[in-house]
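In what follows, a single structure is set out as structure tokens and then discussed.
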Amino acid sequence: MTMCNITLNGKKTKFLPGKTILENTRDHGVKIPVLCSHEALKPYGACRLCIVEIEEQGRKQIVTSCNSHVRDGMKIKTHSPRVQKIRKTLVELLLARTPEAAVEQQLARDIGVKATPYPEQGELCIMCGQCVRTCREIVGACALDFVHKGSKRSVAVPFFRDSKECIGCGSCVFVCPTGVVSMHDEISDVRGEPERIMDKWETRLPLQKCSSDGNVFATRRMLEHFARKHEVSEGFLETCSHCLRKGNTK
Amino acid sequence: MKIKKMQDLNKLKKSGEQQLFPSGIKITVGLATCGIARGADKVHDAFKKELQKQKVKATVVPVGCSGWCSREPIVNIIIPRMPKITLGDVSEDDIPGIVRNLKNRHIPESKILYRTDAEENIADGRVRKYASASQAATSGKIPAYGTLPLFKKQKKIALRNCGLINPADIQEYVARGGFKAAYSAVTGMKPEKIITEVQRSGLRGRGGAGFPVGKKWEMARQAEGKKKYIICNADEGDPGAYMDRSILEGDPFSVLEGMIIAAFSIGASEGYIYVRGEYPLAVKQVTKAILQAKRSGLLGRNMFGTDFSFNVNVEKGAGAFVCGEETALIASIEGYSGEPVPRPPYPVEKGLWGLPTCINNVETLANIPVVLSRGGTWFSRIGTGKSKGTKIFSLVGAVERVGLVEVPMGISLKEIVYDIGGGIAGGRKLKAVQTGGPSGGCIPKRLADISVDYESLTKAGSIMGSGGMIVMDDRTCMVDVAKYFMSFLKDESCGKCLPCREGTQAVFEILDRITRGRGRTKDIEQLKDVCEAMSQASMCALGKTAANPVLSTLRYFGKEYDEHIKKRRCSAGVCSALIRFSINADKCIGCEACRKACPCEAVSGKPRKMHKISVKKCIKCRACYEVCPVKAVEIR
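Protein chains in written order, with my numbering: chain Z, 1 to 250; chain S, 251 to 886.
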């Protein structure tokens, strides 16, 4: 593959043409702050922190590096005064929204923002949308989406509780950078059966006991979902991976 | 009857002409939303009833908006061999009298606005006369259409048929030269030739951004895809703007014809009209128009006997402002929530269902048939160097004549406000003109000579936008105006990207603080910071332009911000936290009007003695101020 000739922060270098600016700069060890980007997910371009200044044929432009591809002859400035000023304002705005979020506090420290001049709102979710996108793009359950608009926007399951689509796989919990999405397993008061509770989605899902060692290991709906998705017999997934690996199947 | 040949179209044209210029008496009532809001539907029904009752033979036909919205309901009376007479402010009570006089071919003068002796059909340039010069001379002192200041400086291309034809009748549209351009395009022109013609015309997108239409079509034509789409963007969301609604309500066929030509040029086989759900009448008219066009073979398979097939669907929006943005609009049609996605890829490459999609505004498409029938060169002679043709504005606010006007580009703002609009209502003074809706800016009075075209407005910190034009008088507080638009934008921001979601909210809060008298000096710096971040880093045009109302008011009315922050004063008397009501002892006549009007007993005083307002009890509702006959109530 022919490489693109790029001027990155004043230094001449070569970039891979099929990759985005963000991926390329990462390979070159230049750190651009991001919040909504995740290597397993498609570029989303919502946090706008990854903005860089590009110059092509004398035309200067500010673009988000996560979804902009490189072209030959591009001049890229990742930390120009203009970019840094806007980035600072954005971090201050987000810090006002989520003053308690650790990931946001760290970002503010990295960028040199001590406090936000805007009134604090005390929200927890930073609206990166990673949970929504993981559920749609990776899991394929499409249980989550955004509701409301503007600053009232939030993530929810339909009707805010008892989701029929959520399979309780916990991917949303895993990707959430703030810890606002959480889950826990407990024994149901009503049925005495083990259940998984998706706290934020107010959804309870029965857990499956391993047919071999009797330990709970996943929600039943999750096993059904992946059995359908990967076309394996349902019984195959009734044994936990631990026992399967050891060959302890009945 | 399916239209296959020119003769078929001519046949339809003939029967349409008989309806437009009938042998008997014809009454048309402006039944667009602006008319209905002022009771035109009742006038329409009353005419029908009264004609039957008095046994007068005449046809009553609904038409669209003729532009003079503040004088609705507007009624046209066409009597053979007489000039067409237009009446304004017609109420139900007037109708028995009008009908009685109709028997003697007489129209009572009191409600007459103007007469029309002849009409030019812009589609072919031909003039059709209602009455001969000698017949017109008998109309005496009734002003003629072309001499009225409201119409004198207007040039109606996109609005050519609005208010003249029955929007629900395809024959009347054809009679005005309709579908001739589409016929000659589809049967006899190469797509490339059409695109060149549109490029030659210099027509630019009327939705706001002003992208050259010919260039967009060319890109869509060259884009590769197994199917292509054309979308008509009728998601008109700017407060106080109703250009697109009026076209769809008054002349839906012109938009359809524009879409047919566009589809043929780019190679699209399916089209969508994305119209706001809040425009029920526009939805109804455009749906009817599609049905009629299908029946006449002007939509559907093998149009005009060629192998070109094209169909149009109507898609209703649910009222989100952001859905006027191309990518959000596409997401909405696809069934997702209306949120923009990053561009590139642009819709002309990857649009609806991932296929090449060309999106044009209603007004743009309504211009297309005329561009083709009169030629690109003819069109390009109207307007300025880079802004060609005409532009429709909904002239609203503190102006004497509120209405829908279509003016050639390059006209000065002053001419629109003073000549066409008749100046400021109530003899007050002009303060600023807001153009371009919430994404636009305010142009101060001292720049009123500015030429109205894309470049000049952008240079002045505003935008052409889709055509909202709000005139503001000296009683307007510019900080309050900025706050209003920001409150609209923060509610309409989809919330996807950070700068727009948090930025509009933060700016609104700062402005709100300033109008409440709690502003700080550093607020101005903060406003500028957030505005820069929004305009540079937002994902779509909503956020990118959201700063305009604030930046333009800061630029031209910075003193007012200072006054609010430093002196805690609002000299326009709008921001209630910063004003006080009092009664001027020298002027008060003790009439008690204010005391009676006050809803919270804040005004005290005996008859014929001076009245007083208790500052503690006053809720600043302005009731006393509005009601005082001698203007003794003062705002400080």
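Ideal placement from N, C-alpha and C gives every residue a C-beta, glycine not left out. Treat the numbers as computed from the prediction; the structure is a model and nothing was measured.
Open item on the list: Quick check on the DSSP output: the alpha helix (DSSP H) that includes LEU259 of chain S runs from which residue to which?
Closed with: LEU259 of chain S: member of the alpha helix (DSSP H) spanning 256-270, first to last residue.
- [ ] Pull up the distance between the alpha-carbon of THR795 of chain S and that of GLY314 of chain S, whole angstroms please.
- [x] When only Cα atoms are considered, THR795 of chain S and GLY314 of chain S end up about 33 Å apart.
Task: Cβ neighbours of LYS60 of chain Z in the same chain (closer than 7 Å, five flanking residues each side left out) - done: GLU53
Open item on the list: Using CA atoms only, rank isn't needed, just tell me which of S:LYS299, S:GLU370, S:THR397 is closest to ARG350 of chain S.
Closed with: S:LYS299
Open item on the list: So, for CYS747 of chain S: in the same chain, excluding its five sequence neighbours on each side, which residues have a beta-carbon less than 7 Å away from its beta-carbon?
Closed with: SER788, MET789, GLY793
TODO: May I have the straight-line CA-CA distance separating ARG471 of chain S from ARG454 of chain S, to the nearest angstrom?
DONE: Cα-Cα distance, rounded: 17 Å.
TODO: Label ILE869 of chain S either buried or exposed according to how many other C-beta atoms from any shown protein chain fall within 10 Å of its C-beta, with 16 as the threshold for buried.
DONE: Classification of ILE869 of chain S: exposed, given that the 10 Å Cβ count is below 16.
Open item on the list: Could you tell me the alpha carbon to alpha carbon distance between ILE335 of chain S and THR366 of chain S, rounded to whole angstroms?
Closed with: Taking the Cα positions, ILE335 of chain S is about 6 Å away from THR366 of chain S.
Open item on the list: Which residues in chain Z have a C-beta closer than 7 Å to the C-beta of SER743 of chain S? List them in chain order.
Closed with: LYS149, GLY150
- [ ] In angstroms with no decimal places, state the Cα-to-Cα distance between GLU447 of chain S and ALA432 of chain S.
- [x] So the two alpha carbons sit approximately 14 Å from each other.
Task: Straight-line gap, GLY555 of chain S to LEU549 of chain S (C-alpha atoms, nearest Å) - done: Cα-Cα distance, rounded: 12 Å.
Task: Interfacial residues, the region 95-109 of chain Z to chain S, with Cβ spacing under 9 Å - done: ALA96, ARG97
- [ ] Please check if any C-beta of chain Z sits within less than 7 Å of the C-beta of ARG751 of chain S.
- [x] yes
Task: CB contact check: GLN786 of chain S to chain Z, cutoff 7 Å - done: yes
- [ ] May I have the straight-line CA-CA distance separating SER233 of chain Z from PHE226 of chain Z, to the nearest angstrom?
- [x] 10 Å
TODO: Kindly list the residues whose CB is nearer than 8 Å to the CB of SER712 of chain S, restricted to its own chain and excluding five residues on each side of it in sequence; keep chain order.
DONE: The beta carbon of SER712 of chain S sits closer than 8 Å to those of GLN684, THR685, GLY686, GLY690, GLY691, CYS692, ILE693, ASN798, SER802, all from its chain and outside the five residues before and after it, given in chain order.
Open item on the list: I want to verify the contact list: residues of chain Z whose CB lies under 8 Å from the CB of CYS747 of chain S, in sequence order.
Closed with: Within chain Z, the residues near CYS747 of chain S are GLY45, ALA46, CYS47, ARG48.
Open item on the list: Which residues in chain Z have a C-beta closer than 9 Å to the C-beta of LYS740 of chain S? List them in chain order.
Closed with: Here the neighbours are GLY150, SER151.
Task: Interface flag, MET789 of chain S vs chain Z, CB-CB below 7 Å - done: yes
Open item on the list: When you compare the CB positions of GLU92 of chain Z and VAL113 of chain Z, do they come within less than 7 Å of one another, or not?
Closed with: Yes, these two residues count as a Cβ contact at 7 Å.
Task: 6 Å Cβ shell around PRO194 of chain Z - same chain, five flanking residues per side excluded - done: ILE187, LEU207, VAL216
TODO: Could you check the C-alpha separation between GLN755 of chain S and ALA40 of chain Z for me, to the nearest Å?
DONE: 31 Å
TODO: Determine, using beta carbons only, whether ASP485 of chain S comes closer than 7 Å to chain Z.
DONE: The Cβ of ASP485 of chain S sits no closer than 7 Å to any Cβ of chain Z.
Open item on the list: In the DSSP output, which residue or residues are listed as bridge partners for MET198 of chain Z?
Closed with: MET198 of chain Z is bridged by DSSP to Z:MET183, Z:THR203.
Task: Residue range of the beta strand (DSSP E) that includes ARG770 of chain S - done: Unbroken run through ARG770 of chain S: none, as it is neither H nor E.
- [ ] Pick helix, strand or coil for MET719 of chain S, following the three-state DSSP scheme.
- [x] strand
TODO: Taking the CB atoms as reference points, tell me whether LEU281 of chain S and ALA290 of chain S lie closer together than 7 Å.
DONE: yes
Task: Proximity test, Cβ basis, 7 Å: ASP779 of chain S and chain Z - done: yes
Task: Those runs of the alpha helix (DSSP H) which lie wholly inside the region 373-429 of chain S and span at least 4 residues - done: 383-387, 399-402, 420-425
- [ ] Just tell me which of S:ASP741, S:ALA732, S:PRO502 has its CA closest to the CA of ARG763 of chain S.
- [x] S:ALA732
Task: Whole-Å CB distance - LYS180 of chain Z paired with CYS125 of chain Z, under 8 Å assumed - done: Lys is not the amino acid found at residue 180 of chain Z; the sequence shown has Val there. Correct: roughly 5 Å between the Cβ atoms.
Open item on the list: On the DSSP letters alone, give me the boundaries of the beta strand (DSSP E) that CYS482 of chain S sits inside.
Closed with: 479-484
TODO: Under 7 Å between beta-carbons, which chain S residues line up against ILE86 of chain Z? List them in chain order, please.
DONE: GLU782, ALA783, GLN786, ALA787
Task: Start-end ranges of the beta strand (DSSP E) lying completely within the region 319-362 of chain S, minimum 3 residues - done: 325-328, 334-337
Task: ALA296 of chain S to CYS284 of chain S span [Cα, whole Å] - done: 18 Å
TODO: Check whether the Cβ of PRO857 of chain S lies closer than 7 Å to any Cβ atom in chain Z.
DONE: For PRO857 of chain S, the answer is no, since every Cβ of chain Z falls outside 7 Å of its Cβ.
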